[in-house]
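> Please find one structure pasted underneath; my questions will follow.
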Amino acid sequence: MELNKPVATAEEIRGRIVKHGASIRDTVVETLPHTYSMMVEQIRSIASTYKNDLDTFIANISNIKNLDLLIIYIISLSILNKYKNLTAAELSTFSNAYERYVYDVFSASKLRRALEEVVDREVANEVVSGTIRAINIILNKYKSLNLWIIKQKKILNFEKDIRKIIFRDEGGNRVGRGVKLFLRTFIHETNIPLAIRIAYTQEHRKYLLHGDIYTTLVTIRSGAFEDVKSITAERVKARIAKRILCQERGGKCNDVVLRLGSIRGLVRYVGKVSGDPVLFERGAYDIGIKYCKELKCDICPIRDVCKRYTFVRVK
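Here's what the structure looks like:
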């Protein structure tokens, strides 16, 4: 850690993380096969043109062929995340298998074959069952998968809907991971902005990020949290200050080990005050998994503002 380097403010650090998030694509969107990527571009174009005219937006969206297949893919991927946090390579494998097997007509057997390219049959069966259940509930109530998403206005209500319909009101960290994946995919203009009354209003700024280990690592090690006034933030700052003092004295110093569950609320709050929590989460996660995890500080995108508290570990 460089103790004498120019000091950036926590706000500046958050801004750089958000900027990095804006410069890259969400992994779910990035790993979509060509057919679905073209569909996403259509949705974005229609959304940006008719964001203030819901009826015209719905009329134009209804003309996109196989849009339901894209939504079913995101539903199945969200449920799959409950069982396994897929790498980018595994996401690509699944998305390509989904396009290859499902093509233009959905069936349980086709989805199962695609899933079995990344998980075992038992997990595949669970995902298929959950996906079909969710589809039936949405169609019975809303008549259309895309209308269910398009008509959402409040993030909190949308998140509750996702948890209830797709995850049977289950709780836990793994379910939360799947819920957030589905939610952020449709509420931000840089992803698949079907929920236009969220994506193109201030409502998307109310998104509370999941708080995974990589996002957390970057949030704390970078110092992006240091202007937060909370008991948790003060405790973390005190432990970091104590560790720095030990280092300056030349003693044998222990790492600062933080429990993920105890600081997740702090990380979510930092994302919220960043101005764009979806981009903050995307940027922090990317930095965390590509650079911070292996201490590649010299090539990190935020290396000139990061506090480099590399002695912090999260478990």
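Those letters in the sequence shown? Residues 1 to 315, by the UniProt record's numbering.
The beta carbon of each residue, even a glycine, is placed where N, CA and C say it ideally should be.
1. Where does C292 fall in DSSP's three states?
2. Can you tell me the Cα-Cα spacing of S95 and A241, whole angstroms?
3. Near E2, which residues of its chain fall below 7 Å by C-beta distance, leaving aside the five closest residues on each side in sequence?
4. Could you check where the beta strand (DSSP E) with V314 kicks off and where it finishes?
5. Going along the chain, which residues of its own chain have a beta-carbon closer than 7 Å to the beta-carbon of I46, five neighbours each way excluded?
6. For L86, does the three-state DSSP call read helix, strand or coil?
7. When burial is assigned at 16 or more other CB atoms within 10 Å of the CB, is K180 buried or exposed?
8. Exposed or buried, Y269, counting other C-beta atoms within 10 Å across all chains shown (16 or more means buried)?
9. In terms of alpha-carbon separation, which member of E170, R168, Q42, A195 lies closest to N146?
10. Within the same chain, show all residues whose beta-carbon is closer than 6 Å to that of V118, passing over the 5 residues directly before and after it, in chain order.
11. Apply the 10 Å Cβ neighbour rule to L295 and answer buried if 16 or more other Cβ atoms are within range, or exposed otherwise.
12. Can you tell me whether A224 is buried or exposed, with buried defined as 16 or more other CB within 10 angstroms of its CB?
13. Between C292, I150, C253, L279, which lies nearest to L54 when the distance is taken from Cα to Cα?
14. Considering only C-alpha positions, which residue in the set P193, T131, H188, N191 is nearest to R163?
15. Short check: CB of T190 to CB of D26, under 9 Å?
16. Can you list, in chain order, the residues of its chain with a C-beta nearer than 7 Å to that of V305? Leave out the 5 residues immediately preceding and following it.
17. Please go through the same chain and pick out, in chain order, the residues whose beta-carbon is closer than 6 Å to the beta-carbon of V175, but skip the five residues on each side of it.
18. Can the beta-carbon of L183 be found less than 9 Å from the beta-carbon of E159?
19. Among residues of its own chain, excluding the 5 on either side of D255, which ones have a beta-carbon nearer than 6 Å to its beta-carbon?
20. Using three-state DSSP, classify L3 as helix, strand or coil.
21. Grouping DSSP H, G and I as helix and E and B as strand, with all else coil, what is L258?
22. Quick check on the burial criterion: 16 or more other C-beta atoms within 10 angstroms. Buried or exposed for Y103?
23. Short of 8 Å in beta carbon distance, which residues of its chain neighbour V127, apart from the five on each side in sequence? Order them along the chain.
24. Tell me the DSSP secondary structure of K164 in three-state form.
25. Please report the straight-line C-alpha distance between L139 and H20, rounded to a whole angstrom.
26. Quick one: does F167 have its CB under 9 Å from some CB of chain D?
27. Within the continuous alpha helix (DSSP H) that includes T216, where are the two ends?
Concretely, from the data shown:
1. helix
2. 46 Å
3. In this prediction, E2 scores a pLDDT of 47, lower than 50, which makes its location untrustworthy; the coordinate-derived value is nonetheless stated afterwards. Closer than 7 Å at the Cβ level, and outside the excluded window around E2, lie R308.
4. 312 to 314
5. F57, N60, I61
6. coil
7. buried
8. buried
9. A195
10. E90, T93, F94
11. exposed
12. buried
13. I150
14. T131
15. yes
16. A8, E12, I13, R16
17. K82, F167
18. yes
19. F311, R313
20. For L3, the predicted model reports a pLDDT of 48, less than 50, meaning its position is unreliable; a value from the coordinates is still stated below. The answer is coil: DSSP assigns L3 none of H, G, I, E or B.
21. strand
22. exposed
23. S76, I79, L80, Y83, L111, L115, V119
24. helix
25. 38 Å
26. Of the chains in the structure shown, none is chain D; there is only one protein chain.
27. 213 to 222
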